[in-house]
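Novice:
Residue numbers (this note's numbering): 21 to 293.
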């Protein structure tokens, strides 16, 4: 199985804590997929500064295929972060070279050689989705908590697996929302509720996902790691309940460290069955 992550990369910088790490929605999902044993490529553009060098070296160290990670002339994107207790606080965002990110025909050709392509709301890859769909590759999309964002409607015809974050637990609104998305094209629509679990709908049935207890250090990367676990199940032909459970397991490991994925290879065992 081969997985491609198409979209953003950035550095999260906690000035008050003097901590930072390479990240980005598709970076987090991609690295966690690689840790789970799925061959992963990241297709994006990083800067030609020290942060860009750090991003490239970090992904290379994780075994990621970065043959289509371009280096632009300018700074790597940076998000200034803080913590309010255990709650993450997003501050100023400097877009850097991502302002002009482009996914060209070679990127599309390369991505289509994978079994599944994943992107996210801020990845600026929406225009690539029709071309990828024409080539028959499966597509997943992380819409975060922007359930009413215009990109939901724009990308719906091309997305097989849609992920949404919802502040409440299961209720009639989110049930109908997920059903609407599968009625209009998605294979599976998934909502995550943080510490309240998750819900998936496949056009016929709802599936409820639980959580695993964790000592929370930082919730950054929780959603991305859940997606990695879920898609790991999908790529291996497992059931929806298995995939929801795998997502919960991976997220429980990730929220117990400060960074958006575990660096210790021994921790991979905690992600397994």
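Cβ coordinates follow ideal geometry from the N, Cα and C atoms, glycine included.
Could you tell me how far apart the beta carbons of residue 184 and residue 210 are, in whole angstroms, since I believe they sit closer than 8 angstroms?
Specialist: Correct: roughly 7 angstroms between the Cβ atoms.
Novice: Just to confirm before moving on: does the CB-CB distance between residue 180 and residue 194 stay below 9 angstroms?
Specialist: Their beta carbons are not under 9 angstroms apart, which means residue 180 does not touch residue 194 by this criterion.
Novice: Just to confirm before moving on: does the CB-CB distance between residue 162 and residue 63 stay below 9 angstroms?
Specialist: No, these two residues do not count as a Cβ contact at 9 angstroms.
Novice: Kindly indicate which three-state DSSP category residue 98 falls into: helix, strand or coil?
Specialist: DSSP places residue 98 in strand when its eight states are reduced to three.
Novice: On the three-pair Cβ rule with 8 angstroms, is the segment 129-145 touching the segment 25-40?
Specialist: Touching, yes, given that three or more Cβ pairs across the two stretches are closer than 8 angstroms.
Novice: Ignore the nearest five residues each way along the sequence and tell me which others in residue 182's own chain have a CB closer than 6 angstroms to its CB.
Specialist: Cβ within range, chain order: 161, 201, 206 and 209.
Novice: What first and last residue would you give for the alpha helix (DSSP H) that runs through residue 178?
Specialist: Premise fails: residue 178 is in no alpha helix (DSSP H) and is neither H nor E.
Novice: Comparing C-alpha positions only, which one of 145, 124 and 122 sits nearest to residue 172?
Specialist: If we check each option's Cα against that of residue 172, 145 comes out closest.
Novice: Buried or exposed: where does residue 61 fall if 16 or more other Cβ atoms within 10 Å of its Cβ makes it buried?
Specialist: When all chains shown are included, residue 61 counts as buried.
Novice: For the beta strand (DSSP E) holding residue 42, just list the boundary residues, first then last.
Specialist: Note, residue 42: beta strand (DSSP E), 39-43.
Novice: Distance, Cα to Cα, residue 281 vs residue 154?
Specialist: Spanning the two alpha carbons is a distance of roughly 33 angstroms.
Novice: Going by C-alpha to C-alpha distance, which of 259, 238 and 236 sits closest to residue 221?
Specialist: Of the candidates 259, 238 and 236, the one whose C-alpha sits nearest the C-alpha of residue 221 is 259.
Novice: Go through its chain and collect everything with a Cβ distance to residue 93's Cβ below 7 angstroms, but skip five positions before and after it.
Specialist: Only 68 meet the Cβ criterion.
Novice: Starting from residue 199, trace the alpha helix (DSSP H) in both directions and tell me its first and last residue.
Specialist: Looking at the DSSP string, the run of the alpha helix (DSSP H) that includes residue 199 is 192-203.
Novice: Tell me the DSSP secondary structure of residue 243 in three-state form.
Specialist: Reduced to three states, the DSSP call for residue 243 is helix.
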